[in-house]
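Here the structure is laid out as structure tokens; the discussion comes afterwards.
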Amino acid sequence: MHPPISLIFFFLTAGTSIGSFILMYFLELLSLLGRGGGLPDEVIYKLVVFQIVLIGLGAFGASFHLGHKLRAWKAVKRFRTSWLSREAVFSALYGFGLILYLLAKVLGLGPVLEHLFGVSTFILGILSGFSTAMIYASNRFVLEWSTSITVIYYLLMYLMLGSSLMAYASHLYKLPYLGTFLFLTFLFVALGLGFRIAFNVRQFYIKRPTLNEALNLPHNRPIRVLDTGSTTDNFCTTEFYYKKGKEMLSTVLPVAYFLTFVVPLFLVVYSWLTGVVNYWTLGITFLSLLFGSALERWCFFVEGNHVQNLFYGLYPEEGYRLRKGYMERKETRISLY
Amino acid sequence: MPQYALVIDLNTCVGCHACATNCKEWNTQAAFGPLSDFDPYGKEPTGVWYNRIFTYETGEFPDVQVFHLPKSCLHCQDAPCVPVCPTGASYKREQDGIVLVNYDDCIGCKLCAWSCPYGCREYDEADKVMKKCTLCIDRIYDETLPPEQRKPACVLTCPAKARFFGDIEDPNSEVYKAIKERNGFVLFPDMGTNPANHYLPRTETKVNLEEFEKHLLRPDNPLFLEVVKRHHVSHKAEEVS
Ligand code: SF4
Ligand code: SF4
Ligand code: SF4
Numbered sequence: 019m020h021p022p023i024s025l026i027f028f029f030l031t032a033g034t035s036i037g038s039f040i041l042m043y044f045l046e047l048l049s050l051l052g053r054g055g056g057l058p059d060e061v062i063y064k065l066v067v068f069q070i071v072l073i074g075l076g077a078f079g080a081s082f083h084l085g086h087k088l089r090a091w092k093a094v095k096r097f098r099t100s101w102l103s104r105e106a107v108f109s110a111l112y113g114f115g116l117i118l119y120l121l122a123k124v125l126g127l128g129p130v131l132e133h134l135f136g137v138s139t140f141i142l143g144i145l146s147g148f149s150t151a152m153i154y155a156s157n158r159f160v161l162e163w164s165t166s167i168t169v170i171y172y173l174l175m176y177l178m179l180g181s182s183l184m185a186y187a188s189h190l191y192k193l194p195y196l197g198t199f200l201f202l203t204f205l206f207v208a209l210g211l212g213f214r215i216a217f218n219v220r221q222f223y224i225k226r227p228t229l230n231e232a233l234n235l236p237h238n239r240p241i242r243v244l245d246t247g248s249t250t251d252n253f254c255t256t257e258f259y260y261k262k263g264k265e266m267l268s269t270v271l272p273v274a275y276f277l278t279f280v281v282p283l284f285l286v287v288y289s290w291l292t293g294v295v296n297y298w299t300l301g302i303t304f305l306s307l308l309f310g311s312a313l314e315r316w317c318f319f320v321e322g323n324h325v326q327n328l329f330y331g332l333y334p335e336e337g338y339r340l341r342k343g344y345m346e347r348k349e350t351r352i353s354l355y
Numbered sequence: 024m025p026q027y028a029l030v031i032d033l034n035t036c037v038g039c040h041a042c043a044t045n046c047k048e049w050n051t052q053a054a055f056g057p058l059s060d061f062d063p064y065g066k067e068p069t070g071v072w073y074n075r076i077f078t079y080e081t082g083e084f085p086d087v088q089v090f091h092l093p094k095s096c097l098h099c100q101d102a103p104c105v106p107v108c109p110t111g112a113s114y115k116r117e118q119d120g121i122v123l124v125n126y127d128d129c130i131g132c133k134l135c136a137w138s139c140p141y142g143c144r145e146y147d148e149a150d151k152v153m154k155k156c157t158l159c160i161d162r163i164y165d166e167t168l169p170p171e172q173r174k175p176a177c178v179l180t181c182p183a184k185a186r187f188f189g190d191i192e193d194p195n196s197e198v199y200k201a202i203k204e205r206n207g208f209v210l211f212p213d214m215g216t217n218p219a220n221h222y223l224p225r226t227e228t229k230v231n232l233e234e235f236e237k238h239l240l241r242p243d244n245p246l247f248l249e250v251v252k253r254h255h256v257s258h259k260a261e262e263v264s
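Which chain is which? The protein sequence lines are S and Y, in order. So my numbering is basically just the index in the first sequence, starting at one, shifted up by 18. So my numbering is basically just the index in the second sequence, starting at one, shifted up by 23.
Structure, rendered in structure tokens:
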């Protein structure tokens with residue numbers, strides 16, 4: 019699949035915003051339950067404003083993916099069936115929730131309203147991330163994406179970005195949560211690494227369909243694509259198959275792994291063991307995660323193979339194992355001899 | 024419930040691209056047009072087509088066969104491209120099962136194209152909306168056209184008469200009978216899409232020339248035999264039909 023830059027940008031901004039809000043508000047919730055002291059109001063103001071700006075930027079950036087930006091509001095209409103519609107609704111509500119939460123804090127509307135907005139925004143943030151991930155995971159024609167790993171990993175990335183940003187904020191505002199967020203960063207990045215490896219390993223075991231299945235031909239019949247109807251590329255060959263990306267994937271993927279997992283893990287463990295924590299280690303951890311995740315998302319798109327590529331002979335054949343007796347179940351079949 | 028669809032005979036399709044060309048011709052000027060083109064006379068012409076012809080070769084050399092596969096939207100009965108559309112711009116009509124895009128509602132998010140396993144939707148970079156075969160809805164219901172013309176442009180133009188149009192749920196229709204009698208099949212049957220467009224498989228034409236050849240005087244011109252054979256085949260075909 020061709021990686022849309024606007025969607026990668028949305029992931030980075032929404033991910034940082036939602037991830038950091040979830041963790042920030044979690045501290046508030048804990049203090050409500052009498053655990054920990056919560057966060058000072060000024061820090062919350064600054065963080066929430068930052069989160070509002072980020073989600074706003076994300077929405078603005080994502081609109082560049084659309085042909086008609088001004089009609090974007092219409093995307094709320096099919097909430098009942100479309101994950102994209104749900105994503106749009108939840109992300110918008112999350113943005114509004116942030117604003118209401120900030121207002122409740124600034125205007126001192128009392129703990130009931132404050133936490134009502136807080137909890138709603140917390141849930142909406144998670145639902146927004148979940149819906150975005152489901153857009154990919156529910157697409158059964160891109161087999162690489164169509165797995166629960168996609169969703170779990172997606173949410174983990176939000177938490178990775180959020181926790182590393184919160185670690186930086188803890189250091190910046192001298193909060194007592196630095197150790198906690200360092201630990202959480204380590205935990206989420208390590209889990210993320212595990213799920214990303216699982217995502218990659220799974221690709222070797224996917225039962226991929228073949229051109230024979232696409233054309234409903236008997237299974238063992240050799241078949242070759244001679245001509246695809248035009249001498250140049252078209253929407254289907256450029257949107258679903260990114261040739262340059264496929265060539266670059268083997269270089270970009272290791273870099274993505276290195277920046278997303280190796281560098282942050284190294285820095286966090288280094289901080290832990292040596293006790294050296296400063297703006298550099300925390301800043302580089304966050305930025306490395308940010309750039310790494312951008313590359314990782316790029317790879318995620320390029321790794322996805324849409325089954326329509328079969329018709330063009332652009333679908334991978336490796337990893338495919340013959341499913342014997344598969345076609346015999348079919349009622350109709352084509353006879354060419 | 025009626026389900027209009029195309030049935031394409033792979034036996035007679037010669038891969039001439041006439042259907043694709045006439046589809047483009049009709050739809051670029053009719054109700055759903057234009058279908059944008061970029062660099063049409065240059066080195067890298069691209070553009071929106073509702074219908075594309077693929078050519079495949081099966082078998083091992085020297086026993087190979089070539090066949091052509093015209094592919095336009097299959098108007099799936101369980102169209103996966105419809106529920107994913109966030110705006111409801113993509114919809115399937117109740118009355119005839121035609122899957123359409125409302126260009127006034129489409130925001131151009133391309134998610135429907137991602138959800139079509141057949142690659143039958145094409146994004147128009149100029150109009151910024153998703154486009155696809157309309158089953159020539161602007162022809163088939165047009166009462167200003169003579170009744171025999173109320174068919175999709177691609178069906179009318181096919182020089183090999185390989186394309187049929189009708190209601191595949193109506194047992195009296197030509198397409199229903201063709202699918203039943205000639206073992207019509209669909210593309211990607213295991214994708215859960217239940218496509219409405221069907222294809223008629225290629226069938227073997229057996230002609231026994233043994234008897235015939237006994238009585239044949241072989242002339243000096245070796246091509247003469249071919250001419251007579253061909254004549255015999257078409258003669259037989261006439262008898263059958
Ligand atoms: S062929 Fe593709 S675009 Fe047409 S109805 Fe089926 S899934 Fe939708
Ligand atoms: S591109 Fe248009 S028709 Fe397709 S899913 Fe998006 S809004 Fe719906
Ligand atoms: S039915 Fe009409 S729109 Fe569809 S492929 Fe044929 S000519 Fe094109």
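Just so you know, even glycine gets a beta-carbon here, dropped at the ideal spot from N, CA and C. Since this is a predicted model, take the numbers as computed values, not measurements.
For the beta strand (DSSP E) holding residue i, just list the boundary residues, first then last.
i, result
"Ile153 (chain Y)", "Note on residue identity: the sequence assigns Met, not Ile, to residue 153 (chain Y). Taken as a continuous stretch (DSSP letters only), the beta strand (DSSP E) holding Met153 (chain Y) covers 152–155."
"Leu244 (chain S)", "241–245"
"Ser113 (chain Y)", "113–115"
"Arg104 (chain S)", "No beta strand (DSSP E) contains Arg104 (chain S), which is instead part of the alpha helix (DSSP H) from 101–124."
"Pro63 (chain Y)", "No beta strand (DSSP E) holds Pro63 (chain Y); DSSP gives it neither H nor E."
"Pro93 (chain Y)", "88–95"
"Gly120 (chain Y)", "Counting along the chain, Gly120 (chain Y) falls outside any beta strand (DSSP E), and DSSP gives it neither H nor E."
"Phe187 (chain Y)", "186–190"
Following the continuous alpha helix (DSSP H) through residue i, name the residue where it begins and the one where it ends.
i, result
"Met231 (chain Y)", "Per the sequence shown, the amino acid found at residue 231 (chain Y) is Asn instead of Met. Unbroken run through Asn231 (chain Y): none, as it is neither H nor E."
"Arg162 (chain Y)", "160–163"
"Ile73 (chain S)", "59–81"
"Thr78 (chain Y)", "Looking at the DSSP string, Thr78 (chain Y) is not in any alpha helix (DSSP H); the run it does join, the beta strand (DSSP E), is 74–81."
"Ala274 (chain S)", "261–275"
"Val30 (chain Y)", "Here Val30 (chain Y) belongs to no alpha helix (DSSP H); instead the beta strand (DSSP E) covers 27–32."
"Ser306 (chain S)", "297–321"
"Tyr172 (chain S)", "166–190"
"Glu46 (chain S)", "23–50"
"Glu145 (chain Y)", "Segment 144–147 is the beta strand (DSSP E) holding Glu145 (chain Y); no alpha helix (DSSP H) there."
Answer with buried or exposed for residue i, where buried requires no fewer than 16 other C-beta atoms within 10 angstroms of its C-beta.
i, result
"Leu92 (chain Y)", "buried"
"Asn157 (chain S)", "buried"
"Ala274 (chain S)", "buried"
"Ile215 (chain S)", "exposed"
"Pro170 (chain Y)", "exposed"
"Asp128 (chain Y)", "buried"
"Pro334 (chain S)", "exposed"
"His154 (chain S)", "The sequence shown places Tyr at residue 154 (chain S), rather than the His named in the question. Looking at its Cβ environment, which holds 16 or more other Cβ atoms inside 10 Å, Tyr154 (chain S) is buried."
"Ser49 (chain S)", "exposed"
"Asp147 (chain Y)", "buried"
"Phe279 (chain S)", "buried"
"Gly210 (chain S)", "buried"
"Met24 (chain Y)", "exposed"
I'd like to confirm something about residue i: is its beta-carbon nearer than 7 Å to some heavy atom of ligand 1, or not?
i, result
"Tyr141 (chain Y)", "yes"
"His98 (chain Y)", "yes"
"Thr216 (chain Y)", "yes"
"Lys154 (chain Y)", "no"
"Arg158 (chain S)", "no"
"Pro93 (chain Y)", "no"
"Ala41 (chain Y)", "no"
Short of 8 Å in beta carbon distance, which residues of its chain neighbour residue i, apart from the five on each side in sequence? Order them along the chain.
i, result
"Ile352 (chain S)", "The predicted position of Ile352 (chain S) is uncertain, since its pLDDT is 43 and thus under 50; no value can be drawn from it."
"Thr78 (chain Y)", "Gly38, Val89, Phe90, His91, Leu92"
"Asn217 (chain Y)", "Cys99, Gln100, Asp101, Val209"
"Leu33 (chain Y)", "Phe90, His91, Leu92, Ala185, Tyr222, Leu223, Pro224, Arg225"
I'd like the list of long-range same chain contacts for residue i, defined as Cβ closer than 7 Å, with 5 residues on each side in sequence excluded.
i, result
"Leu30 (chain S)", "Leu308, Ser311, Ala312"
"Glu46 (chain S)", "Gly56, Leu57, Gly136"
Please go through the same chain and pick out, in chain order, the residues whose beta-carbon is closer than 6 Å to the beta-carbon of residue i, but skip the five residues on each side of it.
i, result
"Ala80 (chain S)", "Ser24, Phe28"
"Leu161 (chain S)", "Ile224"
"Leu118 (chain S)", "Phe135"
Is any non-hydrogen atom of ligand 2 found closer than 7 Å to the C-beta of residue i, if you look at the structure I gave you?
i, result
"Lys133 (chain Y)", "yes"
"Thr167 (chain Y)", "no"
Next on the checklist: Using a Cβ-Cβ cutoff of 9 Å, what residues of the stretch 122–150 of chain Y are near chain S? List them in chain order.
Outcome noted: Asp127, Asp128, Cys129, Ile130, Gly131, Cys132, Lys133, Leu134, Ala136, Trp137, Ser138, Cys139, Pro140, Tyr141, Gly142, Cys143, Arg144, Glu145, Tyr146, Asp147, Glu148, Asp150
Item to check | Proximal residues, the stretch 79–91 of chain Y versus chain S, C-beta separation under 9 Å | outcome: Tyr79, Glu80, Thr81, Gly82, Glu83, Asp86, Val87, Gln88, Val89, Phe90, His91
Checklist entry - When you check each C-beta in the stretch 219–249 of chain S against every C-beta of chain Y, which residues fall closer than 8 Å? => result Pro227, Leu229, Glu231, Ala232, Leu233, Asn234, Leu235, Arg239, Pro240, Ile241, Arg242, Val243, Leu244, Asp245, Thr246, Gly247, Ser248
Checklist entry - In chain order, what residues of the stretch 98–114 of chain Y put their CB closer than 7 Å to some CB of chain S? => result Pro106, Val107, Cys108, Pro109, Thr110, Gly111
Next on the checklist: Using a Cβ-Cβ cutoff of 9 Å, what residues of the stretch 27–45 of chain Y are near chain S? List them in chain order.
Outcome noted: Cβ contacts with chain S come from Leu33, Gly38, His40, Ala43.
Next on the checklist: What are the residues in the stretch 149–165 of chain Y lying within 7 Å of chain S by C-beta distance?
Outcome noted: For the stretch 149–165 of chain Y, which is checked against every Cβ of chain S, the residues closer than 7 Å are Lys151, Val152.
Next on the checklist: Beta carbons nearer than 9 Å to chain S: which residues of the stretch 202–220 of chain Y have them?
Outcome noted: Ile202, Asn206, Gly207, Phe208, Val209, Leu210, Phe211, Pro212, Asp213, Met214, Gly215
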